[in-house]
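Numbering (the working numbering), first residue to last: 30 to 211. Below: the structure, in C-alpha coordinates.
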Amino acid sequence: MIVDIGGGTSDIAVISLGGTVVSTSIKIAGDDFDDAIVRYMRKKHNLLIGERTAEDIKIRIGSAYPRPEVETVDVRGRNLVTGLPKTITVTSKETEEALHDTTLQIVDAVHSVLEKTPPELAADIADRGIVLTGGGSLLYGLEELIESKTGITTMTAEEPMTAVAIGTGKYVEFLSGTSGEK
(Lines of atoms letter the chains of each structure in order from A; the text may use other names.)
(Lines give C-alpha, C1' and ligand atoms only; values in the text may rest on other atoms or scores of the structure.)
Protein backbone atom coordinates (compact mmCIF):
# COMPACT_ATOMS: atom_id res chain seq x y z
CA MET A 30 0.00 0.00 0.00
CA ILE A 31 1.26 3.43 -0.99
CA VAL A 32 0.05 6.68 0.58
CA ASP A 33 1.28 9.69 -1.43
CA ILE A 34 0.64 12.94 0.44
CA GLY A 35 1.33 15.83 -1.89
CA GLY A 36 0.51 19.52 -1.61
CA GLY A 37 -3.08 19.40 -2.85
CA THR A 38 -4.14 15.76 -2.78
CA SER A 39 -3.40 12.51 -1.01
CA ASP A 40 -3.52 9.38 -3.14
CA ILE A 41 -3.85 5.99 -1.49
CA ALA A 42 -3.41 2.83 -3.54
CA VAL A 43 -2.93 -0.90 -3.21
CA ILE A 44 -0.72 -2.09 -6.05
CA SER A 45 -0.23 -5.72 -7.03
CA LEU A 46 1.35 -7.36 -10.07
CA GLY A 47 2.00 -3.99 -11.71
CA GLY A 48 -1.58 -2.79 -11.41
CA THR A 49 -3.72 -0.76 -9.05
CA VAL A 50 -6.21 -2.95 -7.20
CA VAL A 51 -7.92 -0.36 -4.97
CA SER A 52 -7.31 3.37 -4.76
CA THR A 53 -8.75 6.68 -3.69
CA SER A 54 -7.75 10.30 -3.89
CA ILE A 55 -8.75 12.94 -1.37
CA LYS A 56 -8.28 16.69 -1.47
CA ILE A 57 -6.54 16.75 1.89
CA ALA A 58 -2.76 17.17 1.89
CA GLY A 59 0.18 19.37 2.87
CA ASP A 60 -1.48 22.66 1.94
CA ASP A 61 -4.39 21.72 4.20
CA PHE A 62 -1.92 21.17 7.05
CA ASP A 63 -0.81 24.79 6.57
CA ASP A 64 -4.42 26.04 6.43
CA ALA A 65 -5.25 24.15 9.62
CA ILE A 66 -2.36 25.86 11.41
CA VAL A 67 -3.51 29.30 10.15
CA ARG A 68 -7.07 28.61 11.42
CA TYR A 69 -5.79 27.34 14.77
CA MET A 70 -3.62 30.42 15.32
CA ARG A 71 -6.55 32.69 14.48
CA LYS A 72 -9.01 30.85 16.74
CA LYS A 73 -6.75 29.98 19.68
CA HIS A 74 -4.40 32.98 19.79
CA ASN A 75 -6.26 35.72 17.85
CA LEU A 76 -3.17 35.85 15.66
CA LEU A 77 -3.20 36.24 11.90
CA ILE A 78 -0.26 34.50 10.22
CA GLY A 79 0.59 33.95 6.57
CA GLU A 80 0.88 30.69 4.68
CA ARG A 81 4.68 30.79 4.73
CA THR A 82 4.70 31.19 8.50
CA ALA A 83 2.26 28.29 8.84
CA GLU A 84 4.45 26.14 6.60
CA ASP A 85 7.51 27.06 8.67
CA ILE A 86 5.67 26.03 11.85
CA LYS A 87 4.65 22.75 10.19
CA ILE A 88 8.20 21.98 9.07
CA ARG A 89 9.88 22.96 12.34
CA ILE A 90 7.51 21.61 15.01
CA GLY A 91 4.43 20.24 13.21
CA SER A 92 3.18 16.99 14.74
CA ALA A 93 0.57 14.40 13.90
CA TYR A 94 1.45 12.34 16.99
CA PRO A 95 2.94 13.26 20.38
CA ARG A 96 6.66 13.99 20.37
CA PRO A 97 8.89 12.56 23.12
CA GLU A 98 9.68 16.14 24.15
CA VAL A 99 7.57 19.20 23.45
CA GLU A 100 9.24 21.57 20.98
CA THR A 101 8.53 25.29 20.66
CA VAL A 102 8.92 28.04 18.08
CA ASP A 103 8.33 31.79 18.30
CA VAL A 104 5.73 32.96 15.80
CA ARG A 105 5.10 36.50 14.62
CA GLY A 106 1.83 37.70 13.25
CA ARG A 107 -0.82 40.38 13.61
CA ASN A 108 -2.97 40.50 16.71
CA LEU A 109 -6.57 40.38 15.47
CA VAL A 110 -7.82 42.41 18.45
CA THR A 111 -5.33 45.30 18.45
CA GLY A 112 -4.13 45.10 14.85
CA LEU A 113 -0.55 45.32 16.11
CA PRO A 114 2.34 42.92 15.49
CA LYS A 115 2.60 40.20 18.12
CA THR A 116 5.01 37.36 18.88
CA ILE A 117 3.90 34.21 20.68
CA THR A 118 5.49 30.86 21.49
CA VAL A 119 3.76 27.87 19.91
CA THR A 120 4.32 24.26 21.02
CA SER A 121 4.43 21.04 19.03
CA LYS A 122 1.49 19.88 21.17
CA GLU A 123 -0.53 22.79 19.78
CA THR A 124 0.36 21.82 16.20
CA GLU A 125 -0.81 18.29 16.96
CA GLU A 126 -4.12 19.77 18.10
CA ALA A 127 -4.29 22.04 15.04
CA LEU A 128 -3.58 19.18 12.62
CA HIS A 129 -5.73 16.54 14.35
CA ASP A 130 -8.83 16.67 12.14
CA THR A 131 -6.84 17.01 8.91
CA THR A 132 -4.51 14.10 9.62
CA LEU A 133 -7.42 11.92 10.72
CA GLN A 134 -9.07 12.46 7.32
CA ILE A 135 -5.99 10.89 5.73
CA VAL A 136 -6.12 8.02 8.23
CA ASP A 137 -9.82 7.53 7.43
CA ALA A 138 -9.02 7.34 3.69
CA VAL A 139 -6.31 4.73 4.38
CA HIS A 140 -8.82 2.76 6.45
CA SER A 141 -11.40 2.99 3.66
CA VAL A 142 -8.95 1.59 1.08
CA LEU A 143 -7.97 -1.21 3.48
CA GLU A 144 -11.65 -2.14 3.88
CA LYS A 145 -11.98 -2.51 0.09
CA THR A 146 -8.77 -4.51 -0.31
CA PRO A 147 -9.12 -8.23 -1.17
CA PRO A 148 -8.26 -10.48 1.83
CA GLU A 149 -5.09 -11.98 0.29
CA LEU A 150 -3.66 -8.54 -0.44
CA ALA A 151 -4.72 -7.27 2.98
CA ALA A 152 -2.62 -10.05 4.50
CA ASP A 153 0.34 -8.94 2.34
CA ILE A 154 -0.11 -5.35 3.50
CA ALA A 155 -0.18 -6.54 7.11
CA ASP A 156 3.15 -8.32 6.47
CA ARG A 157 4.87 -5.67 4.35
CA GLY A 158 3.35 -2.49 5.71
CA ILE A 159 2.25 0.87 4.39
CA VAL A 160 4.70 3.20 2.63
CA LEU A 161 4.30 6.98 2.81
CA THR A 162 5.58 9.25 0.04
CA GLY A 163 5.28 12.91 -0.91
CA GLY A 164 6.19 16.05 1.00
CA GLY A 165 3.27 15.65 3.41
CA SER A 166 4.74 12.35 4.61
CA LEU A 167 7.53 14.35 6.26
CA LEU A 168 5.12 15.63 8.93
CA TYR A 169 6.42 14.35 12.25
CA GLY A 170 4.43 11.46 13.69
CA LEU A 171 2.30 10.68 10.63
CA GLU A 172 3.79 7.17 10.44
CA GLU A 173 2.99 6.59 14.11
CA LEU A 174 -0.54 7.97 13.78
CA ILE A 175 -1.41 5.72 10.82
CA GLU A 176 0.22 2.73 12.50
CA SER A 177 -1.65 3.35 15.77
CA LYS A 178 -5.00 3.63 13.98
CA THR A 179 -4.55 0.68 11.57
CA GLY A 180 -2.25 -1.67 13.48
CA ILE A 181 -0.10 -1.96 10.32
CA THR A 182 3.59 -1.10 10.22
CA THR A 183 3.98 2.24 8.44
CA MET A 184 7.19 3.71 7.06
CA THR A 185 8.25 6.70 4.99
CA ALA A 186 10.05 6.03 1.69
CA GLU A 187 13.79 6.74 1.57
CA GLU A 188 13.28 9.62 -0.86
CA PRO A 189 9.66 10.63 -0.18
CA MET A 190 9.75 13.73 -2.39
CA THR A 191 10.83 11.78 -5.49
CA ALA A 192 9.67 8.22 -4.77
CA VAL A 193 6.59 8.39 -7.01
CA ALA A 194 8.58 9.78 -9.95
CA ILE A 195 11.32 7.18 -9.50
CA GLY A 196 8.74 4.39 -9.24
CA THR A 197 6.98 5.60 -12.37
CA GLY A 198 10.29 5.62 -14.24
CA LYS A 199 11.03 2.06 -13.15
CA TYR A 200 7.54 0.98 -14.19
CA VAL A 201 8.00 2.53 -17.65
CA GLU A 202 11.35 0.72 -17.97
CA PHE A 203 9.66 -2.51 -16.93
CA LEU A 204 6.89 -2.06 -19.50
CA SER A 205 9.32 -1.30 -22.29
CA GLY A 206 11.59 -4.20 -21.36
CA THR A 207 14.66 -1.98 -21.01
CA SER A 208 15.17 -2.47 -17.29
CA GLY A 209 18.86 -2.77 -16.53
CA GLU A 210 20.00 -2.14 -20.13
CA LYS A 211 22.49 0.62 -20.86
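For glycine and all other residues, C-beta sits at the position ideal for the given N, C-alpha and C.
Rounded to the nearest angstrom, the gap between the Cα atoms of D60 and G37 is 6 angstroms. Burial is judged here by how many other beta carbons sit within 10 angstroms of a residue's own beta carbon; S177 has fewer than 16 and is exposed. Beta-bridge partners of D33 (DSSP): D40, T162. The beta carbon of N108 sits closer than 7 angstroms to those of N75, L76, K115, all from its chain and outside the five residues before and after it, given in chain order.
The count of Cβ pairs closer than 8 angstroms, one atom from the region 178–194 and one from the region 82–91, stays below three, leaving the stretches out of contact.
The three-state reading of DSSP puts R105 in strand, counting E and B together. Looking at V104, A127, D64, G206, the one whose alpha-carbon comes closest to that of A93 is A127. Shown here for I41: same chain residues with a beta carbon closer than 6 angstroms to its own, the five before and five after excluded, namely V32, T53, A138, V139, V142 in chain order. Less than 8 angstroms divides the Cβ of I34 from the Cβ of G165. Residues of the same chain with a CB within less than 8 angstroms of the CB of L113, apart from the 5 flanking positions on each side, are R107 in chain order. Beta-bridge annotation (DSSP): I175 is not paired with any residue.
Inclusion of V136 and L174 in the CB contact set at 8 angstroms is warranted, their separation being smaller than that value.
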